[in-house]
Amino acid sequence: MDSAEQAALSESDPESAASKSHTGAFYDARRINEYQSDGRLAEGSRQMLLRHMRRFEGYPVNISLSSVLLPAGVSLDDPETQGAIKWSSHLDPLFANNIERDSALSWQYFGSSTGFLRRFPGTAWPPETSYGSKEINDFRSEDWFIQAASSPKDVVILLDSSGSMSGKEYQLAVATASAILDTLGDDDFFNLVSFSDQARVIVPCFQDKMVRATPDNVKEVKTAINAVECENTANFSAALESAFELLRKYNQSSQGSQCNQAIMLITDGPSDTFMDVIKHYNHPHMPVRIFTYLIGTDKSGGKNLYRMACENKGFFVQVNSAEEARKKVVEYALVMARPMVLYQADHPVHWSPVFMGGRSGILGRESENRRKLVTTVSTPVFDRRNHSIRAANLLGVVGTDVPIEEIQKMIPQHKLGVNGYSFIVDNNGRVLYHPDLRPLSDNDQYSATLKHKYNSVDLTEVELPEVDTPGFSNNERHDQRFANTLQELRNEMVLQKEGENELTVLTHLDNMKRVSLRFQKYFYGPIDGTPFSLGIALPDSYGVHELNAQQEIRHSHNNVTEHFKGNNWKVHPDWVYCEYNSLKDEESGGEGTGAETTYRDKDESFDTPEEQVLHFLARVGRPGWKWMSVRPRSPQPHHSHGGIPVGHYAQHHFNSQGSRKAEPYYCDRTLVQSLVRDAIVTDGLERASSHPGRKEDRRLGYSMFNVKTTFVATRSGLLRWIDHLPHSEDSPEPHFSEVNARAMDMSWYKRAVDLYATEPEGFVFSVPFNSGYSGKNSSTLVTASHAIFIDHRGHKAPAAVVGLQFLHESLFKHFINITSKCTASATCKKNCASDELDCYLLDDNGFVILSERSEHTGKFFGQIDGTIMDSLVQDRIYRRVGLMDYQGICSDRDNPYTGAGEPLKPVRPMSWLLKYFVSFATYWLSVLPTPIGAWQNTNYYDAQDELDDDETYDYEQPDYELPPEHSDVTTPDYEQRSTPTPQRSHAQAGPRVAPDPAHARPCDLKTDLYVLQPDRLNSSGQNNPLKGKLTNCHSSGCERPFSVQKIPNSNLILLVVDVLCPCGSKQLDIEPLEVVGGAGACGVRRMAKEKMLRKRPGKCISYHPEEIEIKQCGTATSLFRASLYSTIATFIAIWVLASA
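Okay, so the sequence shown: first residue is 1 according to full-length UniProt numbering, each after it adds one.
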């Protein structure tokens, strides 16, 4: 920023060295590397050496030069633009130095007030690997520019809707108002008043209010202004009085921004200046600026608007087209910047809301099409040059993009553990990042035009507390939600306090098809020098302890890379094990760097994170190796004293970037040595057992169940697997490793760790949703996973998850064979092959794992038999949990989410499966190939072996015959006990499909999900079956008994249902429904958000006593000149006619 101001100052001195050394040449991004058919450079084009770099979205760039991009309507022939392009070229060395010192930075740029954008590193536009037009979006209306250029503001837009504004004039006025609204940010407050014979707020719930300029509120106003009818005459006095009264009310009550205040008057021209009204409210100190926008060419009205603006520290603009409106509304921000420029002292730093940027720079095939979240840091550049007339000009804004994935590197996920996470909240309660932040698609507008689509998601919309209130939607639910502990946590983070809290929240997985309740501890504190607070959430049961098992490798006599042979291992692609801190260090550290400077060659980097890990492990063994820890010590939330030392993080990342240059690379010593330890433990999966009998058992087991893959995933991000069946290259399904490289983030990992609290020996079984099939040769796989915890002095921490995938078809065949007959030692009257019983194996969220009909595999049981599912809820076997999605996506055409399923079809099920699955879990625990005991051989823990190979299970086989006269749990009248469920229209079965992005809109959704209550089934302590029956559900008076039993060591239950008595065809599903009025600005929840606590930015610079001396206040001169020329022409015409 200082360098930019000095460059402009030096360029203005013709005798300065900078001015003399500059030729005025620059790289127009539209004309870089354009060649003719004969291969010669096209006329007017310039050659720039480019190479593709992953760090810059994979685009071909030049890391020594910048290029100039132009929005529509900006001309290079303008002398002021030419001068700014010339002096701003001196920023290139500064940009290059910044990017060399701080690897977290991405694109850097200078946005000139004249309209051009200088972007570093240099690249052609559109990039040759991208698409789009030659012109970019006008960045001067973007948050990073406009909010850095002006302090927060309260704005009242007065829109003339009198009869004279009908037709084209009103459409132009709407375009002007929309352009103003697009410049407002979350630190601003606004309202729009339409006036003709009387003034009225066009959004009823905004009456007598200034509301935050959130995307929802802005969208509501934009929608409303298109419905306004132009009629009657304009009452300017009433409009101005209403605006002044509203602004005065907020100023005196300490509401709103408490900084700039402005009235934006959009009209085709008043007949008066209404100075009596203005003087009454605004003189002598003029606390409210007045900006006027003339629609059309009314000369007399233009004079009045010009005077109104000039005498109230505003600006006058004449608008003749929508393009002109978008270009000229930025003038108000340049006027509001004058006090800042005059003081020449403070340069407030602005952090933009998060937006969807270009392609991620993370290594690996899993991240190729992944887009990254980005925030922009920007600050204004002042004009320090002397001018012949009094002026206070803003030269522009300098900024840099900071990818969120770079910020997340500062809070290593491996320190937070499975199901732990970090998040950042700003002064308005918005999340900068959060694991549940799901930005709405921008339809590739950033890639095409550099237009940002900002996200504004509140913390209370991603942290979902447990709420027991039933019902679909009511005010009490919202009142309860915003009065709980979550609100207290949010308020303290907004105020940047340090502390801790605890809360039971709903966590969801698998695209919101599964839900669980988790008690979490929260630790939070401010990030110094920013508007942000950092928060960390940890599961209370296992998140407060960390397994610290490392392998010292610096002085090791063994080559640790020997434990990473083969291609059956991966590391977490998002985690930083080691990386270079600068581009030059990355090149010098790589192998074979002789070709990286060739034209359009690829940057010297690594293709996969595994390649990067091996590269650094090889370097560890070389003489002179040092563990470089450039980054500060990560937050240590595992300590019970509470506070998080986030100050270290803030000081490094935001204030001490220069330290990176001294240390060329960064390695997380703890993570790397933990990775090596895990690699040693898991090396040689097939050699895990040396007992001949055990090997034979494993071989038979693999063959019996057609096991396709066995795997182990550890706390260090290591994933190993063995393919027991070959994976066809022609298979439409990706290989296990391609979709599970981020193992700790996968559902099977998270759920296995959660299950450990209630089932230490348990497996989590799952199948893909709606993966039912008919016939043979199905490729559907069952995934079974089991968590390994290490116990040390009574404290347990998760170490790994082991598991396997096998063909569902094989398990289905065994199931049919076992359940279709009684065992030799038992007598039974019924089994699951009989027509009288239906049997199901359900998981902990109510999805079918096994039944006699394979086409129901992976289907939600409520769609098969909603009557029984509802009864299981009534009997507290499952709990129905209402889950809100405040980031839902709906179609703006209609509501495509529907809820009914197929007609009910009886399922022929399974029985006698309890003993079978107990044996299955025990067997696989004994033959899974990972030598878990090896983790104990460390300097940190002396943990006992997690598994006992000699352990056996002996369970009594239950009798599922359900005599009508007996029931442990009876539902006397099912119809009366049933909980009403929301009605759905336009029935549609199957998974939810997002609408076309071109017609997508944000909306609130609610869905009912289900969670197993194992304590209900384990009340006897022996997993005895719980029996019940449905009565009075049919006109014949018959009863429908059923039995439920928990499958030990699993997340499953066995459900056996008598089907002789028909009980209707009720169906339940888990498809989301839109909450009517939920996402609109006037909805109950949205209005509650307006009352939420926010913290104003630290600086407000809205007044300077010398600003009154500045006389530039609009473009009225040409208007008056045109009026004068017209008058002279009229006199000449009259004189000529008189002479004739």
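Where is the CB? At the ideal position from N, CA and C, for every residue including glycine.
Within the same chain, show all residues whose beta-carbon is closer than 8 Å to that of residue i, passing over the 5 residues directly before and after it, in chain order.
i      : result
Cys310 : Phe316, Lys1111, Cys1113, Gly1114
Ser737 : Asn568, Lys570, Leu719, Trp721
Asp272 : Phe236, Asn304
Could you check whether the Cβ of residue i sits closer than 8 Å to any Cβ belonging to chain C?
i      : result
Asn427 : The structure shown contains no chain C; it holds only a single protein chain.
Determine the burial state of residue i: buried for a count of at least 16 other Cβ atoms within 10 Å of its Cβ, exposed for fewer.
i      : result
Ser321 : exposed
Gly882 : buried
Glu43  : exposed
Ile527 : buried
His555 : exposed
Gln261 : buried
Phe189 : buried
Met165 : buried
How about residue i and residue j: do their beta carbons lie closer than 8 Å?
i      : j       : result
Leu755 : Val764  : yes
Ala239 : Leu158  : yes
Ile295 : Ile263  : no
Ile553 : Gln673  : yes
Asn232 : Gly163  : yes
Thr376 : Trp125  : no
Asp138 : Arg326  : yes
Leu437 : Ala149  : no
Thr670 : Leu804  : no
Ala890 : Arg1001 : A quick correction: the sequence has Cys, not Ala, at residue 890. Yes, the Cβ-Cβ distance between Cys890 and Arg1001 is below 8 Å.
Ala679 : Phe564  : yes
If you drop the 5 nearest sequence neighbours on each side, which residues of the same chain put their C-beta closer than 6 Å to that of residue i?
i      : result
Ile146 : Thr183, Ala333
Val801 : Ala713, Tyr749, Ala752, Ser785, Ala787
Glu761 : Asn1049
Leu807 : Asn706
Ile136 : Leu69, Pro71, Thr449, Leu450
Which of the three DSSP states, helix, strand or coil, is assigned to residue i?
i            : result
His52        : strand
Asn191       : strand
Phe423       : strand
His727       : coil
Ala537       : strand
Ala8         : helix
Cys667       : strand
Leu363       : coil
Gly866       : helix
residue 1163 : Not covered by the structure: residue 1163. The range shown for the chain is 1 to 1140.
Val767       : coil
Phe274       : coil
His285       : coil
Leu1026      : strand
With a threshold of 7 Å (Cβ to nearest heavy atom), would residue i be considered close to the ligand PLP?
i      : result
Thr267 : The model on display carries no ligand, and the ligand PLP is accordingly not part of it.
For residue i, which beta-bridge partners are listed by DSSP?
i            : result
Arg119       : Ser67, Tyr109
Met884       : Lys1006
residue 1161 : Outside the shown range of the chain, which is 1 to 1140, sits residue 1161, and nothing can be said about it.
Gly543       : According to DSSP, which records beta bridges pairwise, Gly543 is partnered with nothing at all.
Thr714       : Ala800
Val379       : Here the sequence assigns Thr to residue 379, which means Val is not the residue at that position. DSSP, once it has assigned bridges, lists Val398 as partnering Thr379.
Ile32        : Arg46
Asn501       : Tyr522
Val1057      : Asp838, Phe1042
Ile889       : Pro1002
Ala199       : Phe195
Pro403       : Val374
Arg430       : Asp458
Within a Cβ cutoff of 7 Å, which residues of the same chain sit near residue i, ignoring the five residues on either side of it in sequence?
i       : result
His478  : Unreliable positioning characterises His478 in this predicted model, as indicated by a pLDDT of 44, which lies under 50. The coordinate reading is nonetheless provided below. Val1084, Arg1085, Ala1088.
Lys1046 : Pro1014, Leu1017, Asn1018, Asn1023, Ile1053
Glu591  : Residue placement at Glu591 is poorly supported in this model, since its pLDDT is 42, which falls under 50; the coordinates still yield a value, given next. No residues qualify anywhere along the chain.
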